[in-house]
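A.B. asks:
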Amino acid sequence: MITYRKLSANGVGRLLVAYMREHQLRPGPVGDHTASQTAEAGGRLNSYFTGRDGQGSWAPDIGPLIADALGLDISRPPTDEELIRLFECKRASDGADWPGAHANRTISGIDFTASPDKSVTLAAEFAATTAEQALIWHAIQQANDRALALIGREIGVARRGQGGQGEHEAGEVAWVSFRHYTARPAMHIQDGLNGPTASVEIPVPGDPQAHIHNAVFNAVATEDGHLGSLDTARVTKMTSHLFGAYFQAELGQQLRSMGVRVRPDERGRAIVIEAIPRDVCEAFSKRSRQAEQQAKAFVKRQGGNWDTLSAEQKFKVLHQANLAYRSKKYDGTNDREIWREEARALGWSHHSVLEDGAATAPMDPRQRYEQACAIASRLLAEEFETQAVIDRDAFRMHAAHGLIATGLDGPQDIDRVAEMILERGIEIRGERVHFLQGMAQGRVQVTTSEQIRVETEMGRLAGLAARTREGSLDDAVIARAIAASSLDFEREPDHGRAQKAAIFAMGRAGGLGFLTGVAGAGKTALLAPLVSAWKEEGRQVIGAAMAWRQADALRDTGISQSFALAKLLHDIETGEHGLTRQTVLVLDEVSQIGPRQMLRLLELQETIGFSMRLLGDREQAQAIEAGDSLAILRRVLPAEAAPELLSTIRQASARGRAIAGLFRSQGRDPALSEAEQLEKDAERAREAIAMKSRDGTFRLIGGDHSQVVDEIADFYLRRRDMLAAAGSRRGITMSAPTNEDVMALSMAVRSRLRARGEIGEAEILRPAMDQRGEAYELPLSVGDRVRLFDRVQAQVRTPHGLRWRHLGSNGDIVSVTGWDAAGLRLANSRGLDGFVPWERLADRQSGRTRLGFGHAMTIDAAQGITSDEHINAMPRGTAAMTGFTAYVAESRHVQTCWTRIAEAPVREAEQFSRPLGDTTPVTQEDLLTRIAADLGRHPYKTVGIDLMKRRLAFEAQTERWIRQSHTVEAMTQAGQSPGGAWRARKATQGLRAIPGERWDDISRTMRKRAYETQNIAERINRQVDEALRRREAEAQREAARVKTERERSHRPTPSATPGH
C-alpha cells in the first residue's frame, strides 16, 4: 500500500522534520536486548545491509540537475537544517529560494508512504537474527525505492505555460526517505463533557508496522535548466493504488529471491508471508481500541466517569494506569520488549521465515504475462460489473495486482500486461467483450462493447415502448377511478393537481410510462386508482422492485402479486410465472435497477407485449450494477410518458419540506464543470444545515466513538418515550450509513432497554452474519428487535391449523416474542406472530443465523419508510455519505429529522485533507463546510454512450421536443403567439416559391389589370352616383306629391244653400 499527502511550504519545515523523525525507533537488534554491545552491533549490521540508518536518507541515483537546483549534498545524510530548508522550498545548501519561485509554491512536496503487510513487519521484528531482520528490511527498502522511481517517472514532468497548460517536459526529481517501525495509536479525546474533541496520539506502546515516508520535493529539473513543479494532477486515488500495487509486486519479488514463502492476500492486493499466522497479525493491529477500552475500565474501577474528565486528566489516566502491559512498564522507548512479551502471551514463538532451497527463480516472461493477465482480467471484470466507464489507469493498476502473484521484471511488465488485456478483451458473464476508449474530464477512460450494446438497445426499446399506444386507458376510465378513490387532493391543492396530472399521464401512457417523484410525493399512493382502473378493464397487475420489502409495499395499492425483480425474472425465464399482453408490470424504486436488468425487461416486453409503469427518483439510491437506467430513460421518453411530481406532502411543515428539498440535487447541469457542480450542490446542503442549526435539529457530537454512540442512543430513547407518551402512531426511526454503525447503535439502545426491563433478562447468544458475510455474535431476548436479511415465512396458528404466512422481507424489522431449541417466535408490525425454525434463518454455507440488530437500520433499508421523527445518525462522520443517501435519510420524517454527526472524524478528515504541516486552525465553519461537501456530493453513475459520444434512438426527438417547449414557453411569457411565425411561413410557402422573373410579369399584368379595374370602378362609381341622384330626385318629387295630397285632404267642404 502507498498513501500520499501533500507537504506545506508555509514556514513549517521544523515541524515536518519533527514529524518525519520523532516517532522513529532507531534500528536495533532482536532477541534479548540485554547486552548493549549486541544492540550496537545489530544496529550497525542493519544499517550496513540496508544502507539506511532510519534517520533520513537521500533517494538512490539522484541526478545532478535536481541536486544542483536544490543544493543537495548527496555524499552524506541530510542534516536537520537542510531538511528544514527543503521543506520550506529553499535550497538545502544556502537557504535561497528555489529557482522559479514565481510559481508561488505553497506545497514543498508530497509524502508517499509505503507500507507492507503486517506479516512482513512481524517477520522483520521477530527475526531470529539481525542479519535476517536486515535482509527483510532490505527487501522493503528495495521495493520502496523502485516504487518511488516509478512515481518519479509518472509525476516528474514539468509543465510550462499558464496553469501548466503548455508544453510538458520530463525531468529529474529527488526525495528523502524515513523509515518508521511503529504505528502509534491515537484516540479521540474530548476535553470534558461538552468540550472540543481532537484525535491525538496516546502514550502507550504502538503496533509494530514497518513503513517508509518518502518526501518527494515539489521540483522537476529539466535539461534546459528549468525548474518546474511536480505534475500533481497525476496523483489520484487510482494512481496511488497503482503505485502501491507495484510496491507489493516488487516486495514479493525480493522476498521470493531470498527464500521466503509468500502469496497474495485474500484480496490479491498485498503480499503476505505464509509463515506468520493471520491471527497473530490481527492481535498486533488493535492497539488503539485496546488502549481505549483499558483506560475506560481503569477509570470505572476508580469510580470515575471517563466522559466527564478533561483532556489533561485523561492523559494522566493513560500514564497512571499504564494499561497493565503485562509485567513491563512503558517508558516510550521499549515497544519491542512489550511486543515480545505479548507474543509470548499469545503463545506464538517465531524463529525464521528463511527456508533453504525455497528461493525461486523468476518465472518465464511469457508464463508470467499470461498468469498476470488472467488475474488482472478477472479484477477488471469485477470493476465493469458496477461501473460502465473506468479510468485507463485501472488497467495498469490491476496489471500490477496480477504481477503481485507472479513476480515481475520492472515497471515495463505493467504496461505489457495492460496492453495484452486491451488487445484481447475480457470475459464478463461468460461473454467476451472488447474495449472502447475516449477522453473525459481530461483523462483517458474505457468502456466495453457490451456496455454500449446494452445501453443503446435499452434506449431503443424504451423509446419504442413509450410510443406504443396499446395499454393506455381512456380519460373517462381514469376519471371514474380517481373519483372512486380515497385520495385527498384538496389538503394541498397544488400538490393535488400535480398528482392528478401524474395519474392521467401514467394512465394514458401506452407500453411504457415513467413517473419521477421526490421522496414523500405519494408516488406509490397514486397507483391505487390506476390499479383499480386496470383491473376494471380485465388487466393483470404485478408489482416488482429490487428488494422484497419495496415490492411488498406495492400491495397497499391493490396489487395482489409482487416480487423481488430477480425472482420475477427467474420465474419468467423458467416458465413458473407467465406474463401476457393484458399484464401491467409496475416497477418501484427504478433508480436501483441497472441497464442490464432493464434491458431484459424491455426485451420480454417486446416479445410478450405487456405494459410497464416505472416509479422512482434518480436523486435517491443508485443501482449497484454498471450504468444509469434513468439517465437513458430521460433521454428517449417523450414528455407525455415521463411525468414528474416534484412536490412532497410527507413533511408536515413547509419549512420541513424546504429543508428536505435542499438535500435533493436539482440534477447535473451540463453547463457547469464537475467542480462547479460539486460547489453548487454543497451550497444547497450548507443552506439546509444552517436552517437545521437554527431549528436545533442539527448537532455535532464530541467525544470518541463509544461516547458518540451512547449519546445518540440516549437521545433516541428520550424521543421515543416522548412520542409514545404523546400517542404517536408512526414513532421514531434511526438510520446510519454502514452496517457497523447500525450494529453499534442497536447494541447501545439494546443495553439501555435491557437495563430498563423492556427486554427480558433471559438471553441466548447465536453465531450470526449479515448479508455481506460479516460474522458476529447476536444476543437474543424477548423484546429484542432484529432485522431480517431474507424473505421469511412463519408458522402461524389459524382456525384451520398451522399455516405458513409471510412474516417479512430483507430490511424488515421484527420483534422477538420467544424461542426454544427449534427456533424463534417473531412478530411483525402488522401483528402477525409466528414460529420460525432456526434452519429457515440459517446461512446455507456457514449455518450462522441471518439476523441483524434492529433498533437502527442502514439508509438503504430506510428508503421507503415514513415515521413521525427520524434520526440521521453518523457516528463515524460523513465520509461514507453522499447526496443520495443524505436526501433519503433527511426525508423519512413527518415532523422532525434530527441530524447527529460525530465531530472527531470530521475534524480528522478536514485536517488530513490539508497539507502536512499546515498549522491553520480547523474552525467550526470548516467542519460544517466539509460536512456540506460530503452531504452534497452526487456521484452519478456514468454511461458508456457518453464516453463514445453515441446518440440513442428517439433521443433527437426528445431533445427537439424540449427545445420546442422552451421556445413556446418563452414566447407565451413575452405575449407572443406560439407558432404564429410558422403559420405565416406555411401560408406563404407557395408564393415564396415563384421565381423573381415571373413576379415581374405578374407585376406588369397586375398593374395593367389594376388600371382597367380602376377605370371600371370609376365608371361604376359614376353610374352609382347618377342612380343615387335620380333616386334622390324621385324621392323628393314623391315627397312633394304626398304633401300636396295631404294638404288637399284637409281643406274644409263648402256648406249647402238653405232652400235648395
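Using my numbering, read the sequence shown as starting at 26 and increasing by one per residue. Each residue gets a CB set at the ideal place from its N, CA and C atoms; glycine is no exception.
Sorted by chain position, which residues of the same chain lie with C-beta nearer than 6 Å to ARG417's C-beta, five sequence neighbours on each side aside?
C.D. replies: For ARG417, same chain residues with a beta-carbon under 6 Å away, outside a window of 5 residues either side, are VAL469 and VAL471 in chain order.
A.B. asks: Less than 8 Å between C-beta atoms, sequence neighbours within five positions excluded: which residues of the same chain meet that for GLU786?
C.D. replies: Cβ neighbours of GLU786 within its own chain (closer than 8 Å, five residues either side excluded): ARG779 and SER806.
A.B. asks: Using a Cβ-Cβ cut-off of 8 Å (strictly less than) and excluding sequence neighbours within five positions of GLU935, which residues of its own chain qualify?
C.D. replies: Within the same chain, Cβ atoms closer than 8 Å to the Cβ of GLU935 are found at VAL947, ASP951, LEU952 and ARG955, the five residues on either side in sequence being excluded.
A.B. asks: Against chain B, does SER282 count as a neighbour if the rule is that its beta carbon must be under 8 Å from one of theirs?
C.D. replies: No chain B appears in the structure shown, which is made up of a single protein chain.
A.B. asks: Relative to the C-alpha of GLY942, which candidate in MET26, TYR44 and THR28 has its C-alpha closest?
C.D. replies: TYR44
A.B. asks: Under the DSSP definition of a beta bridge, which residues are partnered with MET906?
C.D. replies: DSSP output for MET906 lists no bridge partner at all.
A.B. asks: What is the rounded straight-line gap between the Cα of GLN732 and the Cα of ALA773?
C.D. replies: 10 Å
A.B. asks: Going by other Cβ atoms of all chains shown within 10 Å of its Cβ, with 16 needed for buried, is GLN158 buried or exposed?
C.D. replies: buried
A.B. asks: Quick one: what does DSSP say GLY1015 is sitting in, helix, strand or coil?
C.D. replies: helix
A.B. asks: Taking only runs that begin and end inside the segment 528 to 604, name each unbroken beta strand (DSSP E) of 3 or more residues, in chain order.
C.D. replies: 537 to 542, 565 to 570 and 586 to 589
A.B. asks: Do ALA793 and LEU876 have their CB atoms nearer than 8 Å?
C.D. replies: yes
A.B. asks: Take ASN219 as the anchor and find which of LEU725, ARG1047 and SER374 has the nearest alpha-carbon.
C.D. replies: LEU725
A.B. asks: For VAL1067, I'd like the list of residues in its chain whose CB is within less than 8 Å of its CB, leaving aside the five on either flank, ordered along the chain.
C.D. replies: Taken in chain order, the list of residues that qualify is empty.
A.B. asks: For GLY177 and THR431, I'd like the C-alpha separation in whole angstroms.
C.D. replies: 24 Å
A.B. asks: Please confirm whether ALA570 and ALA589 have their CB atoms less than 8 Å apart.
C.D. replies: Yes, these two residues count as a Cβ contact at 8 Å.
A.B. asks: When DSSP labels each residue in this structure, what does LEU379 get in the three-state scheme?
C.D. replies: It is a strand residue.
A.B. asks: Please name the residue or residues paired with PRO289 in a DSSP beta bridge.
C.D. replies: ILE296
A.B. asks: How about ALA419 and VAL442: do their beta carbons lie closer than 8 Å?
C.D. replies: No; because the gap between Cβ atoms is not below 8 Å, this pair is not in contact.
A.B. asks: When the Cα atoms are used, what is the spatial distance from VAL752 to GLU894?
C.D. replies: The sequence given here has Gly at residue 752, not Val. Taking the straight line joining both Cα atoms gives about 13 Å.
A.B. asks: Do ALA308 and GLN273 have their beta-carbon atoms positioned less than 8 Å apart in this structure?
C.D. replies: Taking a C-beta distance under 8 Å as the contact criterion, GLN273 and ALA308 do not qualify as a contact pair.
A.B. asks: For a quick check, are the C-beta atoms of GLY181 and VAL260 less than 8 Å apart?
C.D. replies: no
A.B. asks: Could you check where the beta strand (DSSP E) with TRP200 kicks off and where it finishes?
C.D. replies: 200 to 208
A.B. asks: Got a sec, what are the start and stop residues for the beta strand (DSSP E) HIS918 sits in?
C.D. replies: 918 to 927
A.B. asks: So what's GLU1039 in DSSP terms, helix, strand or just coil?
C.D. replies: Looking at the sequence itself, residue 1039 is Gln, so the reference to Glu does not match. Helix at GLN1039.
A.B. asks: Give the straight-line distance between the Cα atoms of SER916 and HIS426, rounded to the nearest whole angstrom.
C.D. replies: 42 Å
A.B. asks: Taking only the alpha-carbon atoms, compute the straight-line gap between GLU665 and ALA958 and give it to the nearest angstrom.
C.D. replies: 36 Å
A.B. asks: Taking contact to mean at least 3 C-beta pairs separated by less than 8 Å, is the segment 137 to 157 in contact with the segment 246 to 255?
C.D. replies: No, they do not touch.
A.B. asks: In the DSSP output, what is TRP83 paired with across the bridge?
C.D. replies: VAL201
A.B. asks: Please state the DSSP three-state secondary structure of ASN239.
C.D. replies: Strand, per DSSP.
A.B. asks: Counting only runs that start and end within the segment 763 to 839, where is the beta strand (DSSP E) found for 3 or more residues in a row?
C.D. replies: 789 to 794, 800 to 805, 810 to 813, 817 to 823 and 826 to 833
A.B. asks: Taking the alpha-carbon of ALA648 as reference, which of PRO668, ASP613 and THR673 has the nearest alpha-carbon?
C.D. replies: ASP613
A.B. asks: Could you check the C-alpha separation between ARG822 and GLY856 for me, to the nearest Å?
C.D. replies: 13 Å
A.B. asks: Straight-line CA distance for MET26 to ASP858?
C.D. replies: 51 Å
A.B. asks: From ALA867 to THR842, what does the alpha carbon distance come to, in whole angstroms?
C.D. replies: 19 Å
A.B. asks: To the nearest angstrom, report how far apart GLU802 and SER377 are at their CA atoms.
C.D. replies: 36 Å
A.B. asks: Give the single residue among LEU697, LYS717 and GLU669 whose Cα lies nearest to the Cα of LEU687.
C.D. replies: Here the closest residue by C-alpha is LYS717.
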